[in-house]
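Start counting the sequence shown at 0; every next residue gets the next number (numbering that gives the first Met the number 0).
For glycine and all other residues, C-beta sits at the position ideal for the given N, C-alpha and C.
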Amino acid sequence: MRRGEKGGRARAPEGGQGLLAQLRNPPGGRNARIMLLALAVDRTGSGLWAASSVLYLTFVTHLSAQQIGVLLGVAGVAGIAGSPLAGRLAGRFPVRPLLIGCHLLRLVTLGLVLVCTGFDALLPVVAVTYLGDRAAKTLEMLFATRVAGERRAAYQALSRSAANAGYGVGAGIAAIGLAVGTTGAYRALILGNALSFVVAAVLVWRTSEPGGSAVEAAGAGDAARAGGAESGAPVLAGERDSVRPSSPWRDRGYLRFVLLDIPMNLDDSVLAVGLPLWLVNRTSAPHALVPAFLVLNTVMVVVLQLSVSKRAEGPRRATRAVLLYGVLMFVGCGFLAAATRGGSRVAAAVLLTAALLVTLAELMRSVSSWELAVLLAPRGARAAYLGVAGMSQSIQKSAGPPLLTGVVMAAGPAGWLVLGTVVAGLAVVQRRACAHRLGIGPPRAEPAALTIR
Numbered sequence: 000m001r002r003g004e005k006g007g008r009a010r011a012p013e014g015g016q017g018l019l020a021q022l023r024n025p026p027g028g029r030n031a032r033i034m035l036l037a038l039a040v041d042r043t044g045s046g047l048w049a050a051s052s053v054l055y056l057t058f059v060t061h062l063s064a065q066q067i068g069v070l071l072g073v074a075g076v077a078g079i080a081g082s083p084l085a086g087r088l089a090g091r092f093p094v095r096p097l098l099i100g101c102h103l104l105r106l107v108t109l110g111l112v113l114v115c116t117g118f119d120a121l122l123p124v125v126a127v128t129y130l131g132d133r134a135a136k137t138l139e140m141l142f143a144t145r146v147a148g149e150r151r152a153a154y155q156a157l158s159r160s161a162a163n164a165g166y167g168v169g170a171g172i173a174a175i176g177l178a179v180g181t182t183g184a185y186r187a188l189i190l191g192n193a194l195s196f197v198v199a200a201v202l203v204w205r206t207s208e209p210g211g212s213a214v215e216a217a218g219a220g221d222a223a224r225a226g227g228a229e230s231g232a233p234v235l236a237g238e239r240d241s242v243r244p245s246s247p248w249r250d251r252g253y254l255r256f257v258l259l260d261i262p263m264n265l266d267d268s269v270l271a272v273g274l275p276l277w278l279v280n281r282t283s284a285p286h287a288l289v290p291a292f293l294v295l296n297t298v299m300v301v302v303l304q305l306s307v308s309k310r311a312e313g314p315r316r317a318t319r320a321v322l323l324y325g326v327l328m329f330v331g332c333g334f335l336a337a338a339t340r341g342g343s344r345v346a347a348a349v350l351l352t353a354a355l356l357v358t359l360a361e362l363m364r365s366v367s368s369w370e371l372a373v374l375l376a377p378r379g380a381r382a383a384y385l386g387v388a389g390m391s392q393s394i395q396k397s398a399g400p401p402l403l404t405g406v407v408m409a410a411g412p413a414g415w416l417v418l419g420t421v422v423a424g425l426a427v428v429q430r431r432a433c434a435h436r437l438g439i440g441p442p443r444a445e446p447a448a449l450t451i452r
């Protein structure tokens, strides 16, 4: 009991610290602080690429719209392999040099992008770039899991804030280059992305390799004990590792979690693809509102992610966050369906409300998804398991946009209502499956009665 009180006193001031204070003193100390800076630099380069890549491929390499679609689609599929590959390698080799290798790999491939002009040459180069990008993201979170231990949810929140801030800075810089619009300006933006990989690699090199499985096991054990104390469950998944397969590909329960986590990432495609296209094609809202969605999303993530993460720490809160995600997505999709009615001002207000709700869902998902992926994985094979878990986001990035454009929006407002209903229903299924595996389901009345003495 005294330990619990001590833990409560230790965490109280942390919760009261502001975002900047916690970025200066994050969970994991110096290593985590440097890694957060490296992540922000990396995402600044990602913002440059995201804002300029399509225009670069169009005006500099002179690819057609169809070729660009195929190029980015194949690259997205290649990126799916990055997460399990990184997880498998991280189970055998130190994370730090692997992450440096990913940054240098992307540096080389972006250099090749600048010298390759044909579709056939660019296809494998961009595909390897996306594979390295996805692998780097998985390795960053594996590093965080080992460094931050049981406070990984707080670190995940800080990393989301730092990443979105960096992404926004990159997009802002890219806007200047795009306004210039010359071939030299486009090439400078690509070089800026490449430079971000160099700086990120140097920063990662300045860290020290985090403790391996021992640190993970300690963190998992602490989380398991905390979850058991919170829920009253005597045993969690981490304490049943002896009965879990060592390979995630043979663990049906974990694969079910990863499969259900794919639709739990649809908020990304709704914000990036669904909202803008729905506004332009099916509502009377002004087109100038489209950038406001990105601004609203970026500001909310930077400002609110840390406070929202407190609602997803530990097994019971993480599973509750999954349910809240489903509710927010259901209501957000309902607003999207309603945006076709009324004048331009009404449509604009409804779409902004939808963007706000979907962003809140994203805030819940971004922490709970990773927290559950860690808690559900056996301690001895956590790197390989988390690598497989990372596939859900990559698969959604490839399958989400065509699902929205070809099925949901093609069906009109009813399509959004069906999507919201399906996601909410799958959130209930995901919550129940995770709670069962973690042993934190609500106690039944009959067994409870039997314990009365």
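To which residues of the same chain is VAL387 closer than 8 Å at the C-beta, ignoring the five residues directly before and after it?
-> SER82, PRO83, GLY86, PRO247, TRP248, TYR253, LEU254 and VAL257
Mind the definition here: the region 386-403 touches the region 157-164 only if three or more C-beta pairs lie below 8 Å; say whether that holds.
-> no
Assigned exposure category for VAL19 - 16 Cβ within 10 Å defines buried = Per the sequence presented here, residue 19 reads as Leu, with Val not at that position. The residue in question, LEU19, is exposed, as its Cβ has fewer than 16 Cβ neighbours within 10 Å.
Do you know offhand how far VAL366's Cα is from VAL269's?
-> 18 Å
Boundaries (first-last residue) of the alpha helix (DSSP H) holding ALA347 = 343-374
For SER306, count neighbouring C-beta atoms within 10 Å of its own C-beta (all shown protein chains included) and say buried if the count is 16 or more, exposed if not.
-> exposed
Three-state secondary structure (DSSP) at SER246?
-> coil
Would ALA213 be called buried (16 or more neighbouring beta carbons within 10 Å of its own) or exposed?
-> Caution is warranted here: a pLDDT of 37 is assigned to ALA213, below 50, making its placement in the model unreliable, and the coordinate value is therefore given only provisionally. The residue in question, ALA213, is exposed, as its Cβ has fewer than 16 Cβ neighbours within 10 Å.
Considering only the beta carbon of each residue, do ALA423 and MET328 sit closer than 8 Å?
-> yes
Using a threshold of 8 Å, state whether the C-beta atoms of LEU141 and VAL203 are closer than that.
-> No. Outside cutoff.
Please work out which residues of its chain come closer than 7 Å, Cβ to Cβ, to ALA80, disregarding the five sequence neighbours upstream and downstream, and give them in chain order.
-> LEU130.
The region 119-126 / the region 418-435 touching (three or more Cβ pairs under 8 Å) = no
In its own chain, which residues sit with a C-beta less than 7 Å from the C-beta of ALA311, not counting the 5 before and 5 after it?
-> ALA152, ALA317, ALA320, MET363, VAL366, SER367 and GLU370
With distances taken from CA atoms, which of THR297, GLY313, LEU374 and ASP250 is nearest LEU359?
-> THR297
Which residues in the same chain have their Cβ closer than 8 Å to the Cβ of ILE99, if we skip the five residues on either side of it in sequence?
-> ALA200, VAL203 and TRP204
Inter-residue CB distance, LEU335 and ALA347 (contact presumed, cutoff 8 Å) | Actually they do not touch by this definition, with Cβ atoms about 13 Å apart.
Which full runs of the alpha helix (DSSP H) of 4+ residues lie inside the region 283-310, going along the chain?
-> 289-308
Taking all protein chains shown into account, decide if PHE292 is buried (16 or more other Cβ within 10 angstroms of its Cβ) or exposed.
-> Label assigned to PHE292: buried.
Can you tell which of ALA31, HIS435 and ASN192 has its C-alpha closest to the C-alpha of GLN155?
-> ALA31
Please work out which residues of its chain come closer than 8 Å, Cβ to Cβ, to HIS435, disregarding the five sequence neighbours upstream and downstream, and give them in chain order.
-> The beta carbon of HIS435 is closer than 8 Å to none in its chain, skipping five residues each way along the sequence.
Is it right to say ASP427 is buried, meaning 16 or more other beta carbons lie within 10 angstroms of its own, or is it exposed?
-> According to the sequence shown, residue 427 is Val rather than Asp. Per the 10 Å Cβ criterion, exposed.
Put PHE196 into one of helix, strand or coil per three-state DSSP.
-> Three-state DSSP puts PHE196 in a helix.
Coarse secondary structure for GLY312, derived from DSSP in three states | Checking the sequence shown, residue 312 turns out to be Glu, not Gly. Three-state DSSP puts GLU312 in coil, outside helix and strand.
Taking all protein chains shown into account, decide if PRO400 is buried (16 or more other Cβ within 10 angstroms of its Cβ) or exposed.
-> buried
Extent of the continuous alpha helix (DSSP H) to which ALA64 belongs = 64-79 is the span of the alpha helix (DSSP H), which, as asked, contains ALA64.
Around the C-beta of GLN65, are 16 or more other C-beta atoms found within 10 angstroms, so that it is buried, or is it exposed?
-> exposed
What residues in its chain sit with their C-beta under 8 Å from that of PRO12, if we drop five residues either side in the sequence?
-> Confidence is the limiting factor: at PRO12 the pLDDT is only 37, short of 50, which leaves the residue's position unreliable, though a coordinate-based value still follows. Once the five neighbours on either side are set aside, PRO12 has no close Cβ partner at all.
So ASN192 and LEU47 are in contact, right, with Cβ under 8 Å, and what is the actual spacing, rounded?
-> 5 Å
8 Å Cβ shell around TYR166 - same chain, five flanking residues per side excluded | ARG42, THR43, SER45, GLY46, ALA49 and THR297
Environment of ALA285 [buried if 16+ CB atoms lie within 10 Å] = The sequence given here places Pro at residue 285; Ala does not occur at that position. Flag for PRO285 reads exposed.
If you draw a straight line from the C-alpha of CYS101 to the C-alpha of VAL107, how long is it?
-> 10 Å
What is the residue span of the alpha helix (DSSP H) that GLU139 lies within?
-> That run of the alpha helix (DSSP H) goes 118-147.
Could you pull out every unbroken alpha helix (DSSP H) segment of at least 4 residues lying fully inside the region 371-421, listed in chain order?
-> Whole alpha helix (DSSP H) segments, 4+ residues: 381-388 and 390-402.
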